[in-house]
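>
There are 2 protein chains.
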Amino acid sequence: MAINNVEALFAETLNETDLTGKQKDVLRASLSLFSEKGFSQTSTPDIARLAGVSEGTVYKQFKTKEGILRAILAPVVQNVFPKAADEFATDVLEVSYPSLETFLTSLVENRLNFIVDNQKQLRVLLQEVLFNEGLVQQIRTAFMERVYGPIDSALSHYRDNGEIVNWQTGRMIRYVVSTVVSYGIQIIMMPEFTVDTKASTKEIVEFLMRGLKV
Amino acid sequence: MAINNVEALFAETLNETDLTGKQKDVLRASLSLFSEKGFSQTSTPDIARLAGVSEGTVYKQFKTKEGILRAILAPVVQNVFPKAADEFATDVLEVSYPSLETFLTSLVENRLNFIVDNQKQLRVLLQEVLFNEGLVQQIRTAFMERVYGPIDSALSHYRDNGEIVNWQTGRMIRYVVSTVVSYGIQIIMMPEFTVDTKASTKEIVEFLMRGLKV
DNA sequence: ATAATATAAGTGAGTGCTCACTCACTTGTT
DNA sequence: AACAAGTGAGTGAGCACTCACTTATATTAT
């Protein structure tokens, strides 16, 4: 049974910065409100109240409301894909290629856990990508540079070995991502229900193996 | 090559109401702006300017900005699922069950075309479901009552015949929906690129057949 | 057929409120 | 004493919405 440790993770991220205690309070309050109500429906007086600071404090470090949003999302955007790529390199592909099932299991479980760990930020990110084309471009670039490459290498390996269907990488990634997201959306939209990431991983991989394996 | 006929469809919907010309202008302008900028980032002066009416006119019929949003989304929420169910009954299941592939092809193509036809409203709906729990509940209820039943019947038929895997209906629906949505998201997020719905349908069905068929 | 009257639709200046943000000042830290 | 962090009243802008008035349309009387 996976435990929702988004608070712990965000707290860890905050601890790594040299912000004052009150500035960290501002970020925590902002994330909560942006996640619950949306960026636009959250006012800076709201943030000040929840953080227990003055309105001027809200602007001291981040200059604008938009700056607060960037401070919250930048770590997610910059870390989600590099982290995936790095973990891939060290944990999954560094030694000889594992079986396809092991590869998919590792990938899927890793991403489900990431969704569990970052669900508030992902909820904020989700609403932002609808109208923030700069952010969409940023995510797309990071994805192509840091994630597509390693997975392309892995899938090419299995394809060249005749283990999986001879489809374009983009197409296969689309199916993997959309199946993971269909479980991930439940985590993001209904945080009151804990999702068994191990059981979910098993179901996802079972379906993907059937869909992709020769 | 599918043509984006959302304007034609929305125009048809408007023609079916007894609203005045200026009121219809208000709705058209509202949909465009809500879709492009989001509900919160759209102001009622914005709507008045684009519709070419006075600010008071914006409120004449719909009373509040929120009322305009409801007027736009209600037809989508009330029609998307009933339409799916009705079309299923008359076009797909009325005669004897077709082959699994024909069934999936019909379903997938129908839903992709619906996404194409309603992409602006779906874009608005997407942002609303993030924070409007009433709307989410409404969609969920409509889905369970009008869509789940017919698809459950169909999938039970194929399962009982030993044609597909012995998985729960909810699980299989999740995979169908998420795969369709992975193509549909491209339609919604990047309307400047037309999506070949027939080719997409073929790819989707190929993957789903592999994933579900025994 | 035309004029008068009633009703509906539309108008846009104005309202009260809240917003994002500022900055002179106070408090806390080094 | 100097500097940094925090404060909160105040600012200008723009919001959603109102409403007294104007214009357009429909109905009725002549």
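Order-wise, the sequence lines are chains W and G. Taking the UniProt record's numbering, the leading residue of the first sequence gets 1, the next gets one more, and so forth. Taking the UniProt record's numbering, the leading residue of the second sequence gets 1, the next gets one more, and so forth. The C-beta atom is built at its ideal place from N, Cα and C for all residues, glycine as well. Predicted model, so just to flag it, every value in this text is computed and none were measured.
1. What is the residue span of the alpha helix (DSSP H) that W/Lys198 lies within?
2. Using a C-beta cutoff of 8 Å, does W/Thr105 count as contacting chain G?
3. Under the DSSP definition of a beta bridge, which residues are partnered with W/Ile164?
4. In whole angstroms, what separates the C-alpha of W/Ala199 from that of W/Asn132?
5. Give the straight-line distance between the Cα atoms of G/Leu31 and G/Tyr59, rounded to the nearest whole angstrom.
6. Say whether chain G places a C-beta atom closer than 8 Å to the C-beta of W/Lys37.
7. If we count Cβ pairs, one from each stretch, closer than 8 Å, do we get three or more for the stretch 56-74 of chain G versus the stretch 167-176 of chain G?
8. Answer with yes or no whether the minimum CB distance from W/Leu33 to chain G is below 8 Å.
9. Please report the straight-line C-alpha distance between W/Thr42 and W/Met190, rounded to a whole angstrom.
10. For a contact meaning CB atoms closer than 8 Å, what does G/Tyr175 contact in chain W?
11. Over what stretch of residues does the alpha helix (DSSP H) that includes W/Lys37 continue unbroken?
12. In this structure, how does DSSP classify G/Pro150 when only helix, strand and coil are distinguished?
13. Can you list the residues of chain W that G/Gln41 reaches, using a CB-CB cut of under 9 Å?
14. Please list the residues of the stretch 190-207 of chain G that have a C-beta atom closer than 7 Å to any C-beta atom in chain W, keeping them in chain order.
15. Can you tell me whether G/Arg159 is buried or exposed? The criterion is at least 16 other CB atoms within 10 Å of its CB, across all chains shown.
16. Do W/Phe143 and W/Thr179 have their beta-carbon atoms positioned less than 8 Å apart in this structure?
17. So is G/Thr105 buried or exposed if we call it buried at 16+ other beta carbons inside 10 Å?
18. Here's the rule I'm using: 16 or more other beta-carbon atoms within 10 Å means buried, otherwise exposed. How should G/Glu16 be labelled?
19. Once you ignore the five residues that flank W/Val129 on each side, which residues in its own chain have a CB closer than 8 Å to its CB?
20. Residue range of the alpha helix (DSSP H) that G/Ser178 falls in?
21. Determine the burial state of W/Asn118: buried for a count of at least 16 other Cβ atoms within 10 Å of its Cβ, exposed for fewer.
22. Please confirm if W/Gly211 has its CB atom under 8 Å from at least one CB of chain G.
23. Compute the beta-carbon to beta-carbon distance between G/Ile115 and G/Leu122, rounded to the nearest angstrom, for a pair I have assumed lies under 8 Å.
24. Verify the CB distance criterion: does W/Leu126 have a CB-CB separation below 8 Å to chain G?
25. 8 Å is my cut-off, CB to CB: does W/Arg171 come that close to chain G?
26. Is the Cβ-Cβ distance between G/Ile164 and G/Val108 less than 8 Å?
27. Give the interface partners of W/Arg123 over in chain G, defined as CB-CB distance under 8 Å, in chain order.
28. Find the nearest neighbour of G/Gln78 within the set G/Phe193, G/Thr141, G/Ser54, G/Asp152, judged by alpha-carbon distance.
29. Can you check whether the CB of G/Leu100 is closer than 8 Å to the CB of G/Met209?
This is what the structure gives:
1. It spans 197-212 - the alpha helix (DSSP H) in which W/Lys198 sits, taken as one unbroken run.
2. Answer no: the Cβ-Cβ gap between W/Thr105 and chain G never drops below 8 Å.
3. Under DSSP, the beta-bridge partners assigned to W/Ile164 are W/Lys213.
4. Those two C-alpha atoms are separated by around 35 Å.
5. C-alpha separation (whole angstroms): 15 Å.
6. For W/Lys37, the answer is yes, since a Cβ of chain G falls inside 8 Å of its Cβ.
7. No contact exists between the stretch 56-74 of chain G and the stretch 167-176 of chain G.
8. No, W/Leu33 does not count as interfacial toward chain G.
9. W/Thr42 and W/Met190 have their alpha carbons spaced roughly 20 Å apart.
10. The answer, in chain order, is Thr179, Ser182, Phe207.
11. Note, W/Lys37: alpha helix (DSSP H), 21-37.
12. The DSSP-derived three-state label of G/Pro150 is helix.
13. Near G/Gln41 (Cβ distances below 9 Å), the residues of chain W are Ser40, Phe131.
14. Using a CB distance below 7 Å, the part of the stretch 190-207 of chain G facing chain W consists of Glu203, Phe207, ordered along the chain.
15. Within a 10 Å sphere around the beta-carbon of G/Arg159 sit 16 or more other beta-carbons, which makes this residue buried.
16. Cβ atoms of W/Thr179 and W/Phe143: not closer than 8 Å.
17. Burial check for G/Thr105: the Cβ neighbour count within 10 Å reaches 16 or more, so the residue is buried.
18. Residue environment analysis places G/Glu16 among the exposed positions, since fewer than 16 neighbouring C-beta atoms fall within 10 angstroms of its C-beta.
19. If we look at W/Val129 and ignore the five residues flanking it on each side, its Cβ neighbours are Leu135, Val136, Ile139.
20. Residues 169-189.
21. Buried, since its Cβ has 16 or more Cβ neighbours within 10 Å.
22. For W/Gly211, a Cβ of chain G is located within less than 8 Å of the residue's own Cβ.
23. So it is a contact: roughly 6 Å between Cβ atoms.
24. Between W/Leu126 and chain G, the shortest Cβ-Cβ separation is below 8 Å.
25. For W/Arg171, the answer is yes, since a Cβ of chain G falls inside 8 Å of its Cβ.
26. Going by C-beta atoms, G/Ile164 is not nearer than 8 Å to G/Val108.
27. Listed by position along chain G, the residues whose Cβ is nearer than 8 Å to that of W/Arg123 are Leu130.
28. Restricting attention to G/Phe193, G/Thr141, G/Ser54, G/Asp152, the CA atom closest to the CA of G/Gln78 is found in G/Thr141.
29. Contact check for G/Met209 against G/Leu100 passes: the beta carbons are separated by less than 8 Å.
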